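Note that my numbering has the sequence shown beginning at 1, numbered continuously upward. Notes to accompany the following structure.
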Amino acid sequence: MTSFGRTLRLLRRRAGMSQPDLAAKVFVSQPTISRFESGDRMPDPALAGLLDEALAAGGALAALVPADPDRAEFQARRPGLVDKAMILEVESGLVRLRKLEDGSSSADVTPMVAARTEMAIQTAKDAPYALRAPAIGAAAMGAAYLGWCHFLAGRYGAAEQALDSAVAYAYESRVPDRIERTMSYRGVLELVWGSPAAAASMFDAARRDSRAHPALRAYDSGQQARALAHAGEAREADRLLLEADRLAGTVDFSDLPVGAYWYTPGWLVLRRGVAMLALGRTATAQREIGQGYAAMPAEHRQAHWARQWIDVIHADRDPSDLVLPPRQRGKHRALPSRQVRSCRTSPRTYLSKSSGEHVT
């Protein structure tokens, strides 16, 4: 079954449609839908768009269909013909899913993220040696995103496995921005699991390579400060916040890495406020989170990863999808009992005891 076929079947079933129901909506026969799902056939781009619209996939399903299906079929038979355009299409498809998630939720896009990640990994396997690095970098991008989708769904073992794979892919790619991103995702997972010292080490490793984009390094410096605050190292946390400010001042926001569209001046200010919350400086944190949120583009302010912090500082409630229950971390240790949170915890108490995060 192709990535498109698997995703089509998942979305159809989620919508509660039978194959004949979907066929009627897009004016084809039921056997045609069956062949799409089994991978025996691939729709042309126009029909893929109709299927996408019928299943409310927001363009993500259509993105799994190449502009030239005949060329894609030929490449499937001759995997050595993977080229730069194919790798760029894998990356752009992941970015489109991130933007689709901004207006919905991670649960809505997880099947498509899984399919796109599978495509990225297969592309890396099939790529010629000269394109191995960018291809495996795209696989790192997909595995990291899939790992976080698993985490938000409570599939903690799967999340850890995917993120560890993402780190391995990134190091093989030797692309500094890829290494930074995957280490940063992994750092937040440690932070959420109540291991601030381990998280601080990962954020430190993520930000150290001066070849990585300064926007990413500014974010990681702030995240390292946040982890150190949770570890009781307030002085070192303050030093890292100054480093984050210095790096933020050098950022060219018109030249961000692929897939980092949400890195804006407002976002970095908001993240500084989150670190202030971890330091217990609630008034400063509220001001900076509010200012940063207001400075973000309107479409970003509608996304959950931005709105959640406004809820924390103004609605006096925990963002429900950030509260990790006291259960096993995959097959590893259990969350310490002191990490259990109440949904009535104040913002200051919540952020001083936990590190829940939607990684972005």
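Using N, Cα and C, we set each Cβ at its ideal position, and we do this for glycine too. Here the structure is a predicted model, which is why all the values come from computation and not from measurement.
{"Check": "Continuous alpha helix (DSSP H) stretch holding V65: start and end", "Outcome": "Premise fails: V65 is in no alpha helix (DSSP H) and is neither H nor E."}
{"Check": "Inside the region 160-221 only - beta strand (DSSP E) runs reaching at least 3 residues", "Outcome": "none"}
{"Check": "When Q286, V188, I121 and G59 are compared against V109, the one with the closest alpha-carbon", "Outcome": "G59"}
{"Check": "L55, DSSP secondary structure in three states", "Outcome": "coil"}
{"Check": "Option nearest G39 by Cα separation, candidates R13, L22 and S3", "Outcome": "S3"}
{"Check": "DSSP three-state assignment for P43, whether helix, strand or coil", "Outcome": "coil"}
{"Check": "Three-state class that DSSP yields for Y129 in the structure shown", "Outcome": "helix"}
{"Check": "Simplified DSSP assignment, three categories, for Q339", "Outcome": "In this prediction, Q339 has a pLDDT of 35, which is less than 50 and means its spatial position is unreliable; what the coordinates show is noted afterwards. Helix at Q339."}
{"Check": "Through-space distance from A162 to K25, alpha-carbon basis", "Outcome": "36 Å"}
{"Check": "Whether A227 touches A244 by CB criterion (8 Å)", "Outcome": "no"}
{"Check": "The region 289-300 in contact with the region 264-280 per 3-pair CB rule at 8 Å", "Outcome": "yes"}
{"Check": "Neighbour-count burial assignment, L324, 16 or more Cβ in a 10 Å radius", "Outcome": "Caution is warranted here: a pLDDT of 37 is assigned to L324, below 50, making its placement in the model unreliable, and no coordinate value can be reported."}
{"Check": "Alpha-carbon spacing of G194 relative to A46, whole angstroms", "Outcome": "48 Å"}
{"Check": "As assigned by DSSP and simplified to three states, the class of G16", "Outcome": "coil"}
{"Check": "Expected contact under 8 Å - CB spacing of M183 and V167 to nearest Å", "Outcome": "6 Å"}
{"Check": "Length of the line joining the Cα atoms of I121 and H314", "Outcome": "42 Å"}
{"Check": "Assigned secondary structure, T123 (DSSP; H/G/I helix, E/B strand, else coil)", "Outcome": "helix"}
{"Check": "Terminal residues of the alpha helix (DSSP H) in which L240 lies", "Outcome": "A234 to A248"}
{"Check": "C-beta atoms of M119 and V90 nearer than 8 Å", "Outcome": "yes"}
{"Check": "Distance between D102 and G93 (C-alpha atoms, nearest Å)", "Outcome": "15 Å"}
{"Check": "Other residues of its chain near A138: CB distance less than 6 Å, five sequence neighbours each side excluded", "Outcome": "I87, V90, E91 and A120"}
{"Check": "Three CB pairs or more closer than 8 Å across the region 211-224 and the region 252-261", "Outcome": "yes"}
{"Check": "CB-CB length for A144 against Y185, believed under 8 Å", "Outcome": "5 Å"}
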